[in-house]
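What follows is a set of notes on a single structure, which appears directly below.
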DNA sequence: CTCCCGATAT
DNA sequence: ATATCAGGAG
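In the UniProt record's numbering, the protein residues as written are 1 to 217.
Below you can see the structure in the form of structure tokens.
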């Protein structure tokens, strides 16, 4: 995909959704960190379902530590990997209190030192909470980048670095959300819905099954 | 590379 | 029944 095509790619996704946002629910940067940490290998809908009640009583690291690991597990029991996530969230909260005065650091390296926070989660927090032009490559972006030919790589990090090179202004701030939402609702893992994709003509992927017959159309 | 792990879509 | 879901750590 050449430069003009990349611009066209994002122009269309932007026209489709001018103000893309995360679908994770949170009230402050701390809750965002927790929500994203909980979202590994789980759906945003499933995470929101659990955090809605949790975040009513827990808004700070201190309140999370006070709640305790056992009660936290009960809150997030419906999310996959809940044992390790509960342990990480408690430890992460303790570390925020000990090393950062209970605040979320606006620093990628500091974020990555938090238990349960890797490069992808740190990139999400930097982008959503602090407006940094980061590219958080999750399962959706990894798939969309490789499938379309926009940004190919064998690892999420490789795709991230590729995106950082090729995505121009004024798309850099929201590129990662445009790609995620596109991957979640159109360029799906199992059954990509190419017949209603706005960038299908720019895409390297050619579906074997055509658009389904619509009733009355 | 393996393990972690419930809910949902296909 | 199985693949997939805003991954990270050992």
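Every residue, glycine too, gets a C-beta built ideally from N, C-alpha and C.
Computed from a prediction, not measured in an experiment: that's the story for all the values here.
query, result
"Do you know offhand how far residue 51's Cα is from residue 76's?", "8 Å"
"Enumerate, from N- to C-terminal direction, the unbroken alpha helix (DSSP H) stretches of 4 or more residues contained entirely within the UniProt domain \"HhH-GPD\" (38–185).", "44–57, 61–67, 69–75, 82–100, 108–112, 119–130, 139–148, 156–166, 175–185"
"Relative to the C-alpha of residue 165, which candidate in 135, 43, 114, 125 has its C-alpha closest?", "135"
"Rounded to the nearest angstrom, what separates residue 172 and residue 137 at their Cα positions?", "14 Å"
"Got a sec? Which residues, its chain only, sit under 6 Å from residue 174 by beta carbon, not counting five neighbours each side?", "20"
"Helix, strand or coil, according to DSSP, for residue 205 in the structure here?", "coil"
"For residue 13, report the span of its alpha helix (DSSP H) as first-last.", "3–16"
"Hey, is the segment 93–105 in contact with the segment 22–34, meaning 3+ C-beta pairs nearer than 8 Å?", "yes"
"Where does residue 30 sit, in a helix, a strand or coil, going by DSSP?", "helix"
"Give the C-beta separation of residue 116 and residue 88 to the nearest angstrom, bearing in mind that I take them to be a contact with Cβ-Cβ under 8 Å.", "3 Å"
"Do residue 40 and residue 81 have their C-beta atoms closer together than 8 Å?", "yes"
"If you compare alpha carbons, which of 34, 159, 113, 169 is closest to residue 59?", "34"
"DSSP three-state label for residue 200, please.", "helix"
"Leaving out the 5 sequence neighbours to the left and right, which residues in its chain are closer than 6 Å to residue 179 when beta-carbon positions are compared?", "141, 144"
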